[in-house]
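Residue numbers (numbering that gives the first Met the number 0): 0 to 158.
Each residue gets a CB set at the ideal place from its N, CA and C atoms; glycine is no exception.
Structure first, commentary second.
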Amino acid sequence: MTFLEKQTNPLDPVHYRGNLQVDNLYTSGAAGDRFFKHLMENDTFLASECKECGTVFFPPRLYCEDCFVEIPEENWFEVPAAGTVRLFTRAKLNTYGEKLEEPKIIALIDIEDTDGAHLGVIKSDEPDKDFMGKKVEAVLRPKKDREGTIKDILYFQVL
Ligand SMILES: [Zn+2]
Numbered sequence: 000m001t002f003l004e005k006q007t008n009p010l011d012p013v014h015y016r017g018n019l020q021v022d023n024l025y026t027s028g029a030a031g032d033r034f035f036k037h038l039m040e041n042d043t044f045l046a047s048e049c050k051e052c053g054t055v056f057f058p059p060r061l062y063c064e065d066c067f068v069e070i071p072e073e074n075w076f077e078v079p080a081a082g083t084v085r086l087f088t089r090a091k092l093n094t095y096g097e098k099l100e101e102p103k104i105i106a107l108i109d110i111e112d113t114d115g116a117h118l119g120v121i122k123s124d125e126p127d128k129d130f131m132g133k134k135v136e137a138v139l140r141p142k143k144d145r146e147g148t149i150k151d152i153l154y155f156q157v158l
C-alpha cells in the first residue's frame, strides 16, 4: 500500500516503509525526571514504595494506582541496577525484516528489591545460551557521558 491507496478495511494492518514526520514530545514526567537525574550521578536505580500496600514500584511512581495515595519522597530509595531475567527472546531480524549480524537478546528483567521490571537488551559472549532466571546487571554509560535518558542504560550483562 502506498500513501495514495485507499484503505478499505480498517482492520487490515498498514505498513509503510520510509520516513513519516511525527511531531511529538515525550516527557518522562516528574517521577521519571527524578529517576534519570539520579541515574546521571549514580550507578543505582531508584524505586518508590507505597506504604499502604507495600508495592515497590520500578520505575518509581509518585502515586499508587491501587491505593490512590501519594508516595512521598521519603519513600523513594536506591536499588541495585540489576535483576533477574523473567523472560527473553532472540531477535534475528531488524524492524525491516533484514537479518541482523548477531541476534539481539531482548529480556524482561525483574529489578532487584522491587515489584517492577525493565525491558532491556542483554549482551553476552554466548548469545545462544538460556538466560531464563539469570542474574544480570546494567552496564551504564560512563558518568561524564550520561544525558539523563533511558539511553544511559547501555545494556545488561550476565553476572
Ligand atoms: Zn498501594
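{"Check": "Close-in-space but distant-in-sequence residues of the same chain around Lys50 (CB under 7 Å, 5 per side omitted)", "Outcome": "Asn74"}
{"Check": "Any 3 or more C-beta pairs closer than 8 Å across the stretch 140 to 155 and the stretch 115 to 122", "Outcome": "yes"}
{"Check": "Start and end residues, beta strand (DSSP E) containing Gly119", "Outcome": "116 to 121"}
{"Check": "From Ile105, Pro79, Val135, residue whose alpha carbon lies closest to that of Thr88", "Outcome": "Ile105"}
{"Check": "Spatial distance of Arg33 from Val84 (CA atoms)", "Outcome": "25 Å"}
{"Check": "Ile110 (DSSP reduced to helix, strand or coil)", "Outcome": "strand"}
{"Check": "Contained beta strand (DSSP E) runs [length at least 3] in the stretch 16 to 66, N- to C-terminal order", "Outcome": "43 to 48"}
{"Check": "Gly17 versus Asp42: straight-line alpha-carbon distance, rounded", "Outcome": "38 Å"}
{"Check": "Near ligand 1: Glu73 beta-carbon under 8 Å from a heavy atom", "Outcome": "no"}
{"Check": "Status (buried if at least 16 other CB within 10 Å, exposed otherwise) for Leu45", "Outcome": "buried"}
{"Check": "Residues bridged to Glu69 (per DSSP)", "Outcome": "Tyr62"}
{"Check": "Whole-angstrom distance between Lys5 and Cys63, CA atom to CA atom", "Outcome": "45 Å"}
{"Check": "Distance cut-off 8 Å: Thr148 Cβ against heavy atoms of ligand 1", "Outcome": "no"}
{"Check": "Below-9 Å beta-carbon distance, Arg33 vs any chain D residue", "Outcome": "Among the chains of the structure shown, chain D does not appear; only one protein chain is present."}
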